[in-house]
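Position in the sequence shown (first residue = 1) + 35 = our numbering. Ideal placement from N, C-alpha and C gives every residue a C-beta, glycine not left out. From a predicted model like this one, the values you see are computed outputs, not experimental measurements. Quick notes on the structure that follows.
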Amino acid sequence: MRTRTLITLAVGVIACGGLVPFAGRARPGCPPSYAAASEAGFSSERLASLDVLIEADVAAGFPGAVLLIMRHGSIVKEQAYGYRRKFANGGELLPEDKFEPMQVETLFDLASNSKMYATNYAVMKLVHEGRLDIDAPIQQYIPQYAGGVRDSITPRDILTHSAGYAPEVMFFRPDNELGEAFYSQERERTEQLILTKVPFEYERGTGSRYSDTDYMLAGILVERITGRRLDEYVEEEIYAALGLSKTLYNPLQKGFMPSQVAATETQGNTRDGRLSFPNVRTHVLQGEVHDEKTFYTMGGVAGHAGLFSTARELGMLANLMLSEGRCCDRQF
C-alpha cells in the first residue's frame, strides 16, 4: 500500500507531501493524534539526525525553525529549534539573554503559501459549492473586469499563471515600473487598478509566468463572490471548521502578540537600509506581513500573501489535501 507522508518545516514555511488517494488509514484528527516513530514506520535514529542538521545551522547563525512530520494524520515529530527573534530594531544583535526562543506554537508568515492555503482552498470550496466555474469569464462575477482581453480571462487562467500578467506591480512605490499612475497605498484604489488598469505582458494562454497579480485578482474574485473579505471568509468558513485558531491574517489585530510570531526582517522593508518609499517600515517585522503589496496596498489581506500559521496547523491544512478533503470525520 502506498503511504502518505507529510513533512512541514516552518522556517519560511515549507510543506511537502506525496498526493495519493485516501487509503482508509487513521483519519486526520482535530487535533491530530501523536504516534511513535516506530509505529509510523520511521527510524528514530534517522529522525534524530534531522535535529543534528538543524541545530548545526542554528549554531552557524540561522535564527530558528519548527519541524513537523506527520504520517496518516498523526504527528510523528514536532520540534522547535533556535530563536524566533535575535535582533533589535536597526539590525543589531540582541544580548544573548534577550533572544526569544522558538516554540512549536510560534506563528510564521507563510508568504506565498497564502496562495495555496487561503486562496486556492477558498476557490476549491466555491467550486465545490457550485458558486464558481473556473472556466467562465471572470467578468461574469466581476462586471467591472472588462474590456479587451479581460473579457475572456477566466479563473483558470489566473490560477495557472497564464493570464498574461507580469510577476508583480509594486503599487506601493511611486517609482514603480508602470509609473506614478499605478501608485497606491489604499486597498480600494489598488483593487481598481488591478481590475481595470494593470496591463498584460504576454498573450493569454501562450505561456505561464508566476505572478502575484494573478492571485491578488483571485483574492478579489473570492471576495466579490462571497461578499466577505478574504480573511473573514477563510477564517470563518474553512479554518474554524477545522479547529484552527492560529491560522489567520493580521495576527496582531486579532489578539496575538509579536512575541508569538517569528520575526522576518531586521530593518522592515528597507532591504537593510538600501530602499526607501512613503511609509516604509524600518523596524523588526514580527507579526506584520512582510510582503509590501499586501501590507501597504491591501491592508494586510491579499490572495497572494498575508497568511500566518503554525507548523502544526499548516500540517493539518496540507494533510487535508492529501486526504482528499477528509478531516474530523467530515468531507470538506
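- DSSP links K112 through a beta bridge to I104.
- Boundaries of the beta strand (DSSP E) around S344: 342–344.
- For Y331, the three-state secondary structure derived from DSSP is helix.
- Cβ-Cβ distances below 6 Å link K112 to L82, I104 in the same chain, with the five nearest sequence neighbours on each side left out; the list follows chain order.
- Annotation: L283 to E270 spans about 6 Å, alpha carbon to alpha carbon.
- Between A346 and R120, the C-beta spacing is not below 7 Å.
- Per DSSP, the continuous alpha helix (DSSP H) segment holding L230 begins and ends at 222–231.
- A straight-line Cα-Cα distance of about 44 Å links D307 and A75.
- Taking the C-beta atoms as reference points, K289 is found no nearer than 7 Å to E348.
- When C-alpha distances from R239 are compared across A146, G338, T195, Q138, the shortest belongs to T195.
- Checking the DSSP bridge columns, you'll see D144 partnered with F343.
- DSSP places E267 inside the alpha helix (DSSP H), whose first and last residues are 265–269.
- By the 16-neighbour rule on beta-carbons within 10 angstroms, K160 is buried.
- Counting only residues of its own chain and dropping the five nearest sequence neighbours on each side, V315 has a CB closer than 7 Å to the CB of G303, N304, T305.
- K160: member of the alpha helix (DSSP H) spanning 156–163, first to last residue.
- Of the other Cβ atoms in all chains shown, 16 or more fall within 10 Å of the Cβ of Q321; this residue is therefore buried.
- The Cβ neighbour count for T241, taken over all protein chains shown within 10 Å, is under 16; the residue is labelled exposed.
- Taking the C-beta atoms as reference points, T154 is found no nearer than 7 Å to A91.
- Put simply, the segment 220–231 touches the segment 326–338. At least three CB pairs are less than 8 Å apart.
- By the 16-neighbour rule on beta-carbons within 10 angstroms, K328 is buried.
- DSSP places V93 inside the alpha helix (DSSP H), whose first and last residues are 79–94.
- A Cβ-Cβ contact shorter than 7 Å links T301 with F122.
- By the Cβ criterion, the segment 175–188 is in contact with the segment 227–236, since at least three pairs of Cβ atoms, one from each stretch, lie closer than 8 Å.
- V139 is positioned such that its CB atom lies closer than 7 Å to that of A115.
- Exposure of P136 is indicated by the presence of fewer than 16 other C-beta atoms within 10 angstroms of its C-beta.
- Membership of M251 in the alpha helix (DSSP H) is indicated by the continuous run 247–261.
- Taken atom to atom, the span from the alpha-carbon of N354 to that of D364 is near 14 Å.
- With a 10 Å radius around the Cβ and a threshold of 16 neighbouring Cβ atoms, P130 comes out exposed.
- The continuous stretches of alpha helix (DSSP H) do not include R166, and DSSP gives it neither H nor E.
- If you draw a straight line from the Cα of A198 to the Cα of I169, it comes to about 13 Å.
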